[in-house]
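Participant: Have a look at this one.
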Amino acid sequence: MQSATVFNVQKFSLDDGPGIRTVVFLKGCPLRCYWCSNPESQARAPQLEWDEKGCVGCGACLAACPGAPAAQTGGKRHVDVRAVDAGSPEAGAAVAGCPGRALSVAGRTRTTGDVLEECMQDEPFYQQSGGGVTLSGGEPLTWPDFCVELLGMLREAGVDTNVETTAHVAPADFDRVCALLDHAYIDMKHWDAAAHREGTGVTNEFILANTRRAIERGVDVLVRTPVIPGFNDSVDDARRLAERLREVGATRVQLLPFHNFGESKYDRLGRDYRLHGLTNLHEEDLEEFRRAYLDAGVDAFF
């Protein structure tokens with residue numbers, strides 16, 4: 215039975231595919247988008263997190279992790295979460311001993327059987343609503359064997375399947391997963407390979423090629439694009455990305471206006487956030503941007 219690091223299972227989701235869905239979030243991602251709203255999803259291994267609001271500055275976490283580097287935030291000394299192995303006994307002792315519950319672990323190892331059992335608890339809701347299970351992340355396809363095994367189990371149980379993916383994955387693994395999908399929500403960040411690398415750390419070749427492969431296989435594909443100020447938010451960017459979508463056979467794109475809701479997560483991981491303080495975008499800010507897609511024959515919506 216395959217295992218992977220899962221950092222959340224969200225029940226009763228209405229935004230991650232048709233109907234009522236259970237969303238399984240797997241840790242690990244080959245991209246490093248500088249606007250990422252889920253930084254805890256990037257590393258494959260579990261991570262220790264610290265919440266300033268819960269910390270009382272008592273030093274219990276430092277006592278539980280002798281020798282661990284200390285950090286100081288807002289006058290409170292605490293374990294430097296970047297320097298502690300979240301899977302170590304010391305980390306477990308620190309989490310258990312924190313009186314304000316300021317320390318927690320993002321992610322734990324789970325098996326396909328364990329996750330399947332939790333997903334199937336809501337089978338009646340899937341049947342009534344036309345819903346199912348969505349694998350998300352991070353990038354769930356960094357765990358291809360886990361995804362193939364779990365999706366196969368869900369298919370055998372008659373459950374609708376979806377994956378939210380960057381599609382930056384080896385074609386052979388992508389094909390194995392696609393064979394077990396009803397839907398695929400594919401993120402596409404930029405039309406230009408060099409700009410894509412600058413913003414995410416990787417180029418867009420795999421993404422474009424795998425999007426075409428999924429569409430040709432008959433998977434219901436929805437492209438989603440986060441619209442990031444100064445990166446891909448010009449009308450020309452919209453026109454160029456619409457051209458790329460048409461080249462690979464995609465006809466729909468969901469536009470996701472930039473938001474900074476994940477900013478506090480960087481603080482909990484002891485990391486800096488490059489877009490700190492940047493104002494959120496709203497749908498009304500992007501009407502001309504959306505119109506460029508429509509004019510190019512691509513159905514764009516929020």
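Quick note on numbering: this note's numbering labels position 220 of the sequence shown as 434, and the sequence is numbered without any gaps.
Even for Gly, the Cβ is constructed at its ideal location relative to N, Cα and C.
The structure presented is a predicted model; accordingly, all values stated were derived computationally and were not measured.
1) Could you check which residue in N474, S251, P260, N418 has the C-alpha nearest to that of V168?
2) Are the segment 483-495 and the segment 301-310 in contact at 8 angstroms, needing three or more beta carbon pairs?
3) Which class does G346 belong to by DSSP, given the choice of helix, strand or coil?
4) According to DSSP, which residues form a beta bridge with A514?
5) Taking DSSP's pairing of strands, which residues face Q256 in a bridge?
6) May I ask which residues mark the beginning and end of the beta strand (DSSP E) holding T439?
7) What residues in its chain sit with their C-beta under 7 angstroms from that of V449, if we drop five residues either side in the sequence?
8) Hey, could you find the ends of the alpha helix (DSSP H) T425 is sitting in?
9) Could you pull out every residue in the same chain whose Cβ sits closer than 6 angstroms to the Cβ of R427, ignoring the five residues on either side in sequence?
10) Which whole-angstrom value is the C-beta distance of V441 and T425, which I expect to be below 8 angstroms?
11) Using DSSP with H/G/I as helix, E/B as strand and the rest coil, what is T380?
12) With DSSP collapsed to three states, give me the class of D230.
13) If you drop the 5 nearest sequence neighbours on each side, which residues of the same chain put their C-beta closer than 6 angstroms to that of Q216?
14) Could you tell me the distance, in whole angstroms, from the CA atom of D406 to the CA atom of L330?
15) How is H410 classed by DSSP in three states: helix, strand or coil?
16) By Cβ distance, which residues of its chain are closer than 7 angstroms to H496, with the 5 residues on each side in sequence left out?
17) Are the segment 267-274 and the segment 241-255 touching by the rule of at least three beta carbon pairs closer than 8 angstroms?
18) What do you get for A393, buried or exposed, if any count of 16 or more other CB atoms within 10 angstroms of its CB means buried?
19) Is the CB-CB distance between C279 and A310 below 8 angstroms?
20) Let me know the secondary structure DSSP gives K403 once reduced to three states.
21) Alpha carbon to alpha carbon, how far is P244 from L395?
22) Where does the unbroken alpha helix (DSSP H) through A305 begin, and where does it stop?
23) Quick check on D336: buried or exposed, where buried means 16 or more other Cβ atoms within 10 Å of its Cβ?
24) Given that a residue counts as buried once 16 or more other Cβ atoms are within 10 Å of its Cβ, and exposed if not, what is K241?
25) If C413 sits next to C247, beta carbons under 8 angstroms apart, how far is it from one beta carbon to the other, in whole angstroms?
26) When we look at the beta-carbon of R315 and count the other beta-carbons within 10 Å, is it buried (16 or more) or exposed?
27) Contact check, L455 vs T439 under 8 angstroms by CB: the rounded distance?
28) Which word fits N418, buried or exposed, when buried means at least 16 other C-beta atoms lie within 10 angstroms of its C-beta?
29) Excluding five sequence neighbours on each side, which residues of the same chain lie with their C-beta closer than 6 angstroms to the C-beta of A398?
Facilitator: Let me lay it out:
1) Any question about residue 168 goes unanswered here, given that the chain covers just 215 to 516.
2) Short answer: they don't touch.
3) Walking along the sequence shown from the start, residue 346 turns up at place 132. In the three-state reduction of the DSSP assignment, G346 falls in the strand class, which pools E and B.
4) Counted from its first residue, the sequence shown places residue 514 at position 300. Its beta-bridge partners are V467.
5) Walking along the sequence shown from the start, residue 256 turns up at place 42. Answer is none; Q256 lacks a bridge partner.
6) In the sequence shown, counting from the first residue as 1, residue 439 sits at position 225. Going by DSSP, T439 is part of the beta strand (DSSP E) stretching over 434-441.
7) Position 235 of the sequence shown holds residue 449. Excluding sequence neighbours, V449 sits near E502, F503, A506.
8) Locating residue 425 in the sequence shown gives position 211, where the first residue counts as 1. Per DSSP, T425 belongs to the alpha helix (DSSP H) from 419-430.
9) As a first step, residue 427 is located in the sequence shown; it is residue number 213 there, counting from the start. Same-chain partners within the cutoff: there are none.
10) By one-based count along the sequence shown, residue 441 stands at place 227. By one-based count along the sequence shown, residue 425 stands at place 211. Incorrect: roughly 18 angstroms between the Cβ atoms, too far for contact.
11) Residue mapping note: residue 380 aligns to position 166 of the sequence shown, counting from 1. Looking at T380 - three-state DSSP - the assignment turns out to be coil, as it is neither helix nor strand.
12) Locating residue 230 in the sequence shown gives position 16, counting from the first residue. Coil.
13) Working through the sequence shown from its first residue, we reach residue 216 at position 2. So the qualifying residues of the chain are T326, D359, F360, E363.
14) Residue mapping note: residue 406 aligns to position 192 of the sequence shown, counting from 1. Residue mapping note: residue 330 aligns to position 116 of the sequence shown, counting from 1. For D406 and L330, the gap between their C-alpha atoms comes out near 39 angstroms.
15) Within the sequence shown, residue 410 is the residue found at index 196, counting from 1. Three-state result, H410: helix.
16) Within the sequence shown, numbered from 1, the residue matching residue 496 stands at position 282. So the qualifying residues of the chain are P471.
17) Touching, no.
18) Residue numbering aside, residue 393 sits at position 179 when the sequence shown is read from its first letter. The residue in question, A393, is exposed, as its Cβ has fewer than 16 Cβ neighbours within 10 Å.
19) As a working mapping, residue 279 is identified with position 65 in the sequence shown. As a working mapping, residue 310 is identified with position 96 in the sequence shown. Cβ atoms of C279 and A310: not closer than 8 angstroms.
20) If you number the sequence shown from 1, residue 403 lands on position 189. Look at K403 here: in three-state DSSP terms it is coil, with no helix or strand label.
21) By 1-based counting over the sequence shown, the position of residue 244 is 30. By 1-based counting over the sequence shown, the position of residue 395 is 181. Rounded to the nearest angstrom, the gap between the Cα atoms of P244 and L395 is 21 angstroms.
22) As a position in the sequence shown, residue 305 is number 91, starting the count at 1. Looking at the DSSP string, the run of the alpha helix (DSSP H) that includes A305 is 303-311.
23) For the purposes of this step, residue 336 is taken as residue 122 along the sequence shown, with counting starting at 1. By the 10 Å Cβ count, D336 comes out buried.
24) Your numbering for residue 241 matches position 27 in the sequence shown. Flag for K241 reads buried.
25) Against the sequence shown, residue 413 aligns to sequence position 199. Against the sequence shown, residue 247 aligns to sequence position 33. The sequence given here has Gly at residue 413, not Cys. With a Cβ gap of about 6 angstroms, G413 and C247 count as contacting.
26) In the sequence shown, counting from the first residue as 1, residue 315 sits at position 101. Residue burial is scored here from C-beta neighbours: R315 has fewer than 16 other C-beta atoms within 10 angstroms and is therefore classed as exposed.
27) By 1-based counting over the sequence shown, the position of residue 455 is 241. By 1-based counting over the sequence shown, the position of residue 439 is 225. Indeed they touch by this definition, with Cβ atoms about 7 angstroms apart.
28) Looking up residue 418 in the sequence shown gives position 204. Under this definition N418 is a buried residue.
29) Locating residue 398 in the sequence shown gives position 184, counting from the first residue. Cβ neighbours of A398 beyond the five flanking positions: V377, A428, V433, V435.
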